[in-house]
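S.K.:
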Ligand code: SF4
Ligand code: SF4
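Spelled out as structure tokens, the structure:
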């Protein structure tokens, strides 16, 4: 039986039938969650198909995050799930990323760009050096702060509208996905749809179309990322740091009990947190560790107890000299 095509007419199609969306954010902005929500709604409720890919590094260090959605009509062959480097739609969560990441690379002619900013479309066009297309300037930060939501919800609402996704479907998905923040998120969702500044720019010769770059050469079976894998080449964050990076409580680690079984590595939400040397676990790096305690759950109980335990009281938060000591061990 042939699949039933969706009644949704996507606004763009490339030569393979895909509408490519790229979200550019930093760890912790929720771009990944928003994209997953949108993708799930598209494929499970709206008879669309496609591929999803996320590339990210340490959340705690504010590493740039790229999330790609490639949407197509049901029945279009989907051969791979890698990132898009030819976006029709670009969502910029942090305006400050535009120039360092050269976000105009690979943007299609007549692209749609959503930017979280209080600036004008003209200013953003100049920063982005956009060849042609429509820029939507949405002050998602103010909306998120005033409603108690996050950046990802207002941006998701506007993106859904541009993709012509039924707003009621998306709104319902937002409410269901984050039930505890439902009220705040729905307020932010509705606020984003009340209006933003937008302007269309023709290809007037001011800025050229910029070809995509392929940092590791053309992707193929030899160098393809697995879905969701960290691309350490383009997302390395060793040199960056954030003021809050060392204040999260982290697990207590007793090296003398550790059997170096590696179970903690399997579950760690930011594996850079677990410091290994010569096949032995030697420390937790507080600069990366987010304190999720997943490793504590899986660390096996031995006669002497568990090597990883939840922190107790004041000793849970590493001091800067403890953080420094771990960093020295890593180098
Ligand atoms: S799970 Fe526990 S015992 Fe195993 S390597 Fe990690 S800290 Fe050591
Ligand atoms: S608490 Fe454990 S699992 Fe979570 S980030 Fe830190 S080291 Fe990794």
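Numbering (my numbering), first residue to last: 189 to 519. Using N, Cα and C, we set each Cβ at its ideal position, and we do this for glycine too.
Excluding the 5 residues flanking residue 488 on each side, which residues of the same chain have their C-beta closer than 8 Å to its C-beta?
M.R.: Translated into the one-based positions of the chain shown, residue 488 becomes position 300. Only 447, 449, 451, 494 meet the Cβ criterion.
S.K.: At which residues does the beta strand (DSSP E) containing residue 388 begin and terminate?
M.R.: Start at 1 with the first residue of the chain shown, and residue 388 comes out as number 200. Where residue 388 is concerned, the enclosing beta strand (DSSP E) stretches over 385-389.
S.K.: Identify, in the order they occur along the chain, each residue of the same chain with its Cβ nearer than 8 Å to the Cβ of residue 310, setting aside the five sequence neighbours on each side.
M.R.: Within the chain shown, residue 310 is the residue found at index 122, counting from 1. Excluding residues within five positions, the ones whose Cβ falls inside 8 Å are 387.
S.K.: Excluding the five sequence neighbours on either side, which residues of its own chain have a C-beta within less than 7 Å of the C-beta of residue 416, listed in chain order?
M.R.: Against the chain shown, residue 416 aligns to sequence position 228. For residue 416, the pLDDT reaches just 48, beneath the cut-off of 50, and the residue's location in the model is therefore unreliable, although a value from the coordinates is still provided. 242, listed in sequence order.
S.K.: Which whole-angstrom value is the C-beta distance of residue 250 and residue 294, which I expect to be below 8 Å?
M.R.: Indexing the chain shown from 1 puts residue 250 at position 62. Indexing the chain shown from 1 puts residue 294 at position 106. That pair is no contact at about 24 Å.
S.K.: Where does the unbroken beta strand (DSSP E) through residue 213 begin, and where does it stop?
M.R.: Here residue 213 refers to the residue found at position 25 of the chain shown. Run containing residue 213: 207-214, per the beta strand (DSSP E) assignment.
S.K.: Which residues in the same chain have their Cβ closer than 6 Å to the Cβ of residue 442, if we skip the five residues on either side of it in sequence?
M.R.: Taking the chain shown and counting its residues from 1, one reaches residue 442 at position 254. Here the set comprises 495.
S.K.: For residue 347, which three-state DSSP category applies?
M.R.: As a first step, residue 347 must be located in the chain shown, where it is residue number 159. Residue state, collapsed to three classes: helix.
S.K.: Count the other CB atoms, across all protein chains shown, that sit within 10 Å of the CB of residue 296; report buried if there are 16 or more and exposed otherwise.
M.R.: For the purposes of this step, residue 296 is taken as the residue at position 108 of the chain shown. Buried, since its Cβ has 16 or more Cβ neighbours within 10 Å.
S.K.: Do residue 389 and residue 479 have their C-beta atoms within less than 9 Å of each other?
M.R.: In the chain shown, residue 389 corresponds to position 201, counting from 1. In the chain shown, residue 479 corresponds to position 291, counting from 1. Cβ atoms of residue 389 and residue 479: not closer than 9 Å.
S.K.: Ordered along the chain, which non-local residues of its own chain (more than five positions away) have a Cβ less than 8 Å from that of residue 490?
M.R.: The residue labelled residue 490 in the question sits at position 302 within the chain shown. Cβ neighbours of residue 490 beyond the five flanking positions: 445, 447.
S.K.: Do residue 222 and residue 381 come within 9 Å of each other at the CB atom, strictly closer than that value?
M.R.: The residue given as residue 381 occupies position 193 in the chain shown. The residue given as residue 222 occupies position 34 in the chain shown. Cβ atoms of residue 381 and residue 222: not closer than 9 Å.
S.K.: Mind checking whether the beta-carbon of residue 476 lies closer than 8 Å to any heavy atom of ligand 1?
M.R.: Translated into the one-based positions of the chain shown, residue 476 becomes position 288. Checking the Cβ of residue 476 against ligand 1 gives no.
S.K.: Assuming residue 330 contacts residue 372 under a Cβ cut-off of 8 Å, what Cβ separation, rounded to an integer in Å, is found between them?
M.R.: Within the chain shown, numbered from 1, the residue matching residue 330 stands at position 142. Within the chain shown, numbered from 1, the residue matching residue 372 stands at position 184. Incorrect: roughly 14 Å between the Cβ atoms, too far for contact.
S.K.: Chain D beta carbons: is any one of them nearer than 9 Å to that of residue 198?
M.R.: Annotation note: the requested chain D is absent from the structure, which comprises a single protein chain.
S.K.: Count the other C-beta atoms from every protein chain shown that fall within 10 angstroms of the C-beta of residue 288, then say buried if there are 16 or more, exposed otherwise.
M.R.: If you number the chain shown from 1, residue 288 lands on position 100. Residue 288 is exposed by the Cβ-count criterion.
S.K.: I need the straight-line Cα distance from residue 454 to residue 497, nearest angstrom please.
M.R.: In the chain shown, the residue the question calls residue 454 occupies position 266. In the chain shown, the residue the question calls residue 497 occupies position 309. Their Cα atoms are separated by approximately 17 Å.
S.K.: Does ligand 2 have even one heavy atom less than 8 Å from the beta-carbon of residue 458?
M.R.: Looking up residue 458 in the chain shown gives position 270. Result yes, Cβ under 8 Å from ligand 2.
S.K.: Who are the Cβ neighbours of residue 197 in its own chain at under 6 Å, not counting the five residues just before and after it?
M.R.: Here residue 197 is taken as the residue at index 9 of the chain shown, counted from 1. Nothing meets the Cβ criterion.
S.K.: Between the alpha carbons of residue 244 and residue 232, how many angstroms are there, rounded?
M.R.: Locating residue 244 in the chain shown gives position 56, where the first residue counts as 1. Locating residue 232 in the chain shown gives position 44, where the first residue counts as 1. Going by the C-alpha atoms only, they are around 25 Å apart.
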